[in-house]
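Heads up, the sequence shown stops at 379 in our numbering, and the numbers go up one at a time, no gaps.
Have a look at the structure below, then the notes.
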Amino acid sequence: MDRLALKKELQEQGLIILPGFFDPQLIGQIQQAAKAIFDIQFKRFGIQGDYLTQMQSLFEHHLEEFISCGKMIQSGLVELYQLAVNPDLMALLKDLGLSHPLMCTRPVLFFNHPSLAKSEHFYKTPLHQDWTSMLASDDSVVVWLPLMDLDIAHGPVVFYPGSHKLGPLTDRIENGFAEVDFDRSSFPRIQKSMKLGDVAIFSTLLVHESGVITNDDIRWSCHFRYTNMEDPTFIENGFPHPYIYKPSQELIDKYLHKNS
120 MDRLALKKEL
130 QEQGLIILPG
140 FFDPQLIGQI
150 QQAAKAIFDI
160 QFKRFGIQGD
170 YLTQMQSLFE
180 HHLEEFISCG
190 KMIQSGLVEL
200 YQLAVNPDLM
210 ALLKDLGLSH
220 PLMCTRPVLF
230 FNHPSLAKSE
240 HFYKTPLHQD
250 WTSMLASDDS
260 VVVWLPLMDL
270 DIAHGPVVFY
280 PGSHKLGPLT
290 DRIENGFAEV
300 DFDRSSFPRI
310 QKSMKLGDVA
320 IFSTLLVHES
330 GVITNDDIRW
340 SCHFRYTNME
350 DPTFIENGFP
360 HPYIYKPSQE
370 LIDKYLHKNS
């Protein structure tokens, strides 16, 4: 499908899925780089077994280190940031209508499984829209991709094409998500198996949710969010940016005064 047709499909459906957009080896390297961060703590604590067992052990017995590994991956995994500004992806976004794309949140890498979460929303997101948490341009998009081959048992994202035309459905954020009151039966439902290298691009107004994980694999994926700096409404609104990024005084006190 040519880029003009993709742009039209994105405008009409709020979603496009591009098989094989990236080199699978490139994407696989990101998952390996993320795993390597956890491996350092596995080695420190002498944790052995298959990868899920190791992750469960770190989560259950060393939760603080588990969380810190996640933070390290989110805030500074070089391979993740390199993918977010990949020249081919930037060219695609421009062809889709984002004349001046800019990352409006940090890249996010997910490693989801019911046994690695204290509550459901940490591994299964509810029905929600991303736009409310971003206040981005009208044509802002999310780029989502698996970091492994995903079948339906991994619970890949469930999309509701056309729902973006409803506009913002909530002004509230709960547990980090702009949950919406939405009738699933009123729109088509799309949930697809995806391979390494496949990419889903969708409107930040599109209603979506996580699928159900029914196997014993960790679901590895990532997403990037982009706004259009030349969108007239975004300009008129003054480029609002609702995210807060600051150091934790509690954590600083803990480590600087742990021997006092």
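Glycine residues also receive a C-beta, built at the ideal position from the N, C-alpha and C atoms.
Cutting at 8 Å between CB atoms, please list the residues of its own chain near residue 356, excluding the five before and the five after it.
254
Opposite residue 343 in the DSSP bridges: which residues?
262
Cβ pair residue 344, residue 259 closer than 9 Å
yes
Where residue 372 and residue 124 are concerned, what is the direct C-alpha to C-alpha distance, given to the nearest angstrom?
55 Å
Tell me whether the segment 304–311 and the segment 236–252 touch, counting them as touching only if at least three CB pairs, one residue from each stretch, are closer than 8 Å.
no
Using three-state DSSP, classify residue 222 as helix, strand or coil.
strand
6 Å Cβ shell around residue 234 - same chain, five flanking residues per side excluded:
175
Within its chain, find whatever has a CB closer than 6 Å to the CB of residue 314; leave out the 5 residues flanking it on each side and keep chain order.
268
Using CA coordinates, which residue listed in 231, 129, 196, 164 is at the minimum distance from residue 155?
196
Extent of the continuous beta strand (DSSP E) to which residue 319 belongs:
318–322
Which residues does DSSP list as the beta-bridge partners of residue 128?
According to DSSP, which records beta bridges pairwise, residue 128 is partnered with nothing at all.
Pull up the CB-CB distance for residue 338 and residue 247, whole angstroms please, since I reckon it's below 8 Å.
Not a contact, Cβ separation roughly 17 Å.
Candidates 370, 217, 199: which alpha carbon is nearest residue 347's?
217
Nearest-angstrom Cα separation, counted from residue 225 out to residue 365:
13 Å
For residue 309, does the three-state DSSP call read helix, strand or coil?
strand
In terms of DSSP beta bridges, what is residue 355 paired with?
Note: residue 355 sits in no beta bridge, so no partner.
Count the other C-beta atoms from every protein chain shown that fall within 10 angstroms of the C-beta of residue 317, then say buried if there are 16 or more, exposed otherwise.
buried
What residue does the beta strand (DSSP E) around residue 292 start on, and which one ends it?
Taken as a continuous stretch (DSSP letters only), residue 292 belongs to no beta strand (DSSP E), as it is neither H nor E.
By the DSSP assignment, the beta strand (DSSP E) with residue 197 in it spans what residues?
Careful: residue 197 lies outside any beta strand (DSSP E), inside the alpha helix (DSSP H) at 197–203.
When you compare the CB positions of residue 208 and residue 199, do they come within less than 9 Å of one another, or not?
no
Pull up the distance between the alpha-carbon of residue 153 and that of residue 359, whole angstroms please.
31 Å
With residue 211 as the anchor, note down where its alpha helix (DSSP H) starts and where it stops.
206–214
Around the C-beta of residue 376, are 16 or more other C-beta atoms found within 10 angstroms, so that it is buried, or is it exposed?
exposed
Just the Cα atoms here: how many angstroms apart are residue 182 and residue 297?
27 Å
Figure out for me which residue from 278, 353, 150 has the closest Cα to the Cα of residue 221.
353
I'd like to know whether the C-beta atoms of residue 320 and residue 137 end up nearer to each other than 9 Å.
yes
How is residue 167 classed by DSSP in three states: helix, strand or coil?
coil
Use the C-beta contact count for residue 381: other C-beta atoms within 10 angstroms, 16 or more gives buried, fewer gives exposed.
Residue 381 falls outside the range modelled here, since the chain spans only 120 to 379, and no answer is possible.
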